[in-house]
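**Q**
In the working numbering, the protein residues as written are 25 to 345.
And the structure:
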C-alpha cells in the first residue's frame, strides 16, 4: 500500500466528522437567522424596524458571523482533498479559500454596528435627506403617470388628510434620509469592502473547488457543478438557497449519510475521474469478458501490402499453390 495514500486517508478520516458537523451547523445557523432579520418596504421602514428590534439585529448578525466561520472548514477540507489528488491544483489559492469566508464573517459582524448606528441616527432625526422636496415631487408625478389609479392605494390614509402624491413624497424623502444614514455610518466603508472581498472570494473558491472535485472524482458531476452554481448564488440573493443545499449535502457526504456512500476517490486516496459520456458508451458496447482478438479478421496480406480485392480464402489458396 502506498504510504502517501494511507496518510491522505488517515488525515481525512480525522477531519470528516468535524467538517461534516461544521457544514451542517453553518447551514442551520443561516436558516435560523433569516426570520430574525428585520425587513421593511423601504430603507426608512428597515431602519425603523432595526431600531425597534435592535436585539434581533445583533443576534441575526452574530449567527451569520458564526455560520460563515463554520463554512470555512468544509471549503478548506475539500480544497486540501483535491490538492492531495492532483499536482495541477494551485496550492497558493488556499489563502483565498480561507480568507473568503473569514471576510464574510467579518462583514457580518461589522454590519451589526453599521445598521445599529444608522437606525439610531435616522430615528433621532440627525440625518436629513439629500433629495429636495421638488425632486421628490417630480419623481412621484412620473410614478403616478406610470401606475395610474393604483398609485399607492394601500400606503396612505385619506381619513388623515393624506393624498397619494403626498404619501409618495414623504416616503421618498424618508427613504433618502435612511439611505444617507446608512451610507454615512462610520463603519459602512469597511463593511462594504469586506463584503465585496468575501463575496468574490467565495465565488472564485467554489468555482475552482467544484471543478477540481469533479476532475479528481471527489464529487459527482452533478454535485461538482452545483458547487460552482452555489458560488455564483452568493451574488444573487434569491438563489442563495443553492449554496445551503450544497453545503448541507457536503456535510452529509462527510458523515456518510448519502445514498451509495462517498465516491471511490475518497477511499482510494487518489484521483479517480468520473467516466465521460463517451467512456460510458464504449463500455456499454464492449462485449462481456472483453474483445476476443482471435475473432478479428486480418486485413491485408500480412506484409503491410495493399489489399488486392480478392476474398481471404482465395488468397490463402494461391499462397498454398
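We put the beta carbon where it would ideally sit given N, CA and C, even for glycine.
Keep in mind it's a predicted model, so treat the numbers as computed, not measured.
Could you give the DSSP three-state label for residue 342: helix, strand or coil?
**A** Here the model assigns residue 342 a pLDDT of 48, short of 50, so the residue's position is not dependable, and the following value carries that caveat. Here residue 342 sits in helix by DSSP.
**Q** Specify the secondary structure class of residue 294 as computed by DSSP and reduced to three states.
**A** coil
**Q** Taking its Cβ as the centre, do 16 or more other Cβ atoms sit within 10 Å of residue 116, making it buried, or is it exposed?
**A** Classification of residue 116: exposed, given that the 10 Å Cβ count is below 16.
**Q** What's the call for residue 150, buried or exposed, on a 16-neighbour Cβ count within 10 Å?
**A** Under this definition residue 150 is an exposed residue.
**Q** Assuming residue 98 contacts residue 285 under a Cβ cut-off of 8 Å, what Cβ separation, rounded to an integer in Å, is found between them?
**A** Incorrect: roughly 18 Å between the Cβ atoms, too far for contact.
**Q** According to DSSP, is residue 243 helix, strand or coil?
**A** coil
**Q** Would you tell me roughly how many angstroms separate the C-alpha atoms of residue 144 and residue 252, rounded to the nearest one?
**A** 40 Å
**Q** Spell out whether any CB of chain D is found under 8 Å from the CB atom of residue 105.
**A** Note that chain D does not occur in the displayed structure, where there is just one protein chain.
**Q** Do residue 265 and residue 106 come within 8 Å of each other at the CB atom, strictly closer than that value?
**A** no
**Q** Quick one: what's got a C-beta closer than 8 Å to residue 29's C-beta in the same chain, skipping five residues either side?
**A** 292, 293 and 294
**Q** CB-CB under 6 Å to residue 222, same chain, minus the five flanking residues each way: which ones, in chain order?
**A** By the criterion of a C-beta distance shorter than 6 Å, residue 222 is surrounded in its chain by 124, 127, 128 and 131, once the five residues flanking it on both sides are discounted.
**Q** Got a sec, what are the start and stop residues for the alpha helix (DSSP H) residue 85 sits in?
**A** 78-109
**Q** With 16 other CB atoms within 10 Å as the buried threshold, where does residue 196 fall?
**A** buried
**Q** Short check: CB of residue 142 to CB of residue 218, under 8 Å?
**A** No. Outside cutoff.
**Q** Nearest to residue 88 by CA position, among 43, 49, 289 and 228, is which residue?
**A** 49
**Q** In three-state DSSP terms, what is residue 281?
**A** Coil.
**Q** Using the rule of at least 16 other Cβ atoms within 10 Å of the residue's Cβ for burial, across every protein chain shown, is residue 229 buried or exposed?
**A** With 16 or more other Cβ atoms within 10 Å, it is buried.
**Q** Of the choices 288, 277 and 133, whose alpha-carbon is the least far from that of residue 211?
**A** 133
**Q** For residue 208, name the three-state secondary structure that DSSP assigns.
**A** If DSSP states are grouped into helix, strand and coil, residue 208 belongs with coil.
**Q** Straight-line CA distance for residue 157 to residue 193?
**A** 7 Å
**Q** Tell me which residue opens and which closes the alpha helix (DSSP H) that residue 115 is part of.
**A** Looking at the DSSP string, residue 115 is not in any alpha helix (DSSP H), and its letter there is neither H nor E.
**Q** Compare the C-alpha of residue 256 against each of 224, 247 and 64 and name the closest.
**A** 224
**Q** Closest to residue 51 by C-alpha separation, out of 288, 287, 297 and 254, would be which residue?
**A** When C-alpha distances from residue 51 are compared across 288, 287, 297 and 254, the shortest belongs to 254.
**Q** Report yes if the C-beta distance between residue 102 and residue 237 is below 8 Å; otherwise report no.
**A** Inclusion of residue 102 and residue 237 in the CB contact set at 8 Å is warranted, their separation being smaller than that value.
**Q** For residue 198 versus residue 68, is the C-beta distance shorter than 8 Å?
**A** yes
**Q** My assumption, with CB atoms under 8 Å, is that residue 268 sits in contact with residue 200. Please give the rounded CB distance.
**A** That pair is no contact at about 34 Å.
**Q** What's the gap between the Cα of residue 82 and the Cα of residue 62?
**A** Those two C-alpha atoms are separated by around 11 Å.
**Q** Can you tell me the Cα-Cα spacing of residue 278 and residue 46, whole angstroms?
**A** 10 Å
**Q** Under three-state DSSP, which class holds residue 269?
**A** helix
**Q** If you count every other CB in all the chains shown that lies within 10 Å of the CB of residue 187, and 16 or more means buried, which is it?
**A** Result: exposed.
**Q** If I'm right that residue 60 touches residue 84 with Cβ under 8 Å, what's the distance once you round it to whole angstroms?
**A** 4 Å
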